[in-house]
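Here the sequence shown is numbered in the working numbering, starting from -19 and rising by one per residue. Take a look at the structure below.
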Amino acid sequence: MSVRTVKVDAIEAIPLPNQSWSKKLLTQETVGTRKCMLGVSSFKPGTVTSFLIHEEEELAYVVTGKGKIRLEDRDIPYSAGEGIYIPPGIPHAVVNDGDEEVVMVFSFSFPDYPPTKKKEG
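Written out as structure tokens, the structure is:
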């Protein structure tokens, strides 16, 4: 195993609502990770994602923009320069209610995108 780099433009985008996208940048498939993964997402203004529930904890860093992490009972504001921690099992959605693109880097302690369910309802 050796040090590797991966260009974000070389990774296929996973489409999200409102022409937003997510990319799994450093994973078991792309570089051979064993215990973690790193990805990047772009959320266009007006985007609201589905509620997701991950089996692993999620870490994120907001590179640009501002919005909210929507929980079942409240919204948690975020803005550029902030880190976000989402415990496993917590239903959450990403909201970009600002007027600029939100770019967010995210990570899981899992070698790929972790087992995840969409919240029904």
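For each residue, glycine too, the CB sits at the ideal point set by N, CA and C.
- With fewer than three CB-CB distances shorter than 8 Å, the region 31 to 44 does not count as touching the region -5 to 14.
- DSSP lists Leu32 as the bridge partner or partners of Lys98.
- Taking a cut-off of 8 Å for Cβ pairs, the region -19 to 1 and the region 19 to 29 touch, as three or more such pairs fall below it.
- At least 9 Å separates the beta-carbon of Thr27 from that of Val83.
- Apart from sequence neighbours up to five positions away, the residues of its chain that approach Val75 with a beta-carbon distance below 6 Å are Val28, Gly47, Lys48, Arg50, ordered along the chain.
- Scanning Ile56, Glu(-8), Asp92 for the CA closest to the CA of Trp1 turns up Glu(-8).
- Positions of the alpha helix (DSSP H) runs, each at least 4 residues long and wholly inside the region 3 to 31, are given as 8 to 11 in order along the chain.
- In this structure, the alpha-carbon of Lys3 lies about 8 Å from that of Val(-12).
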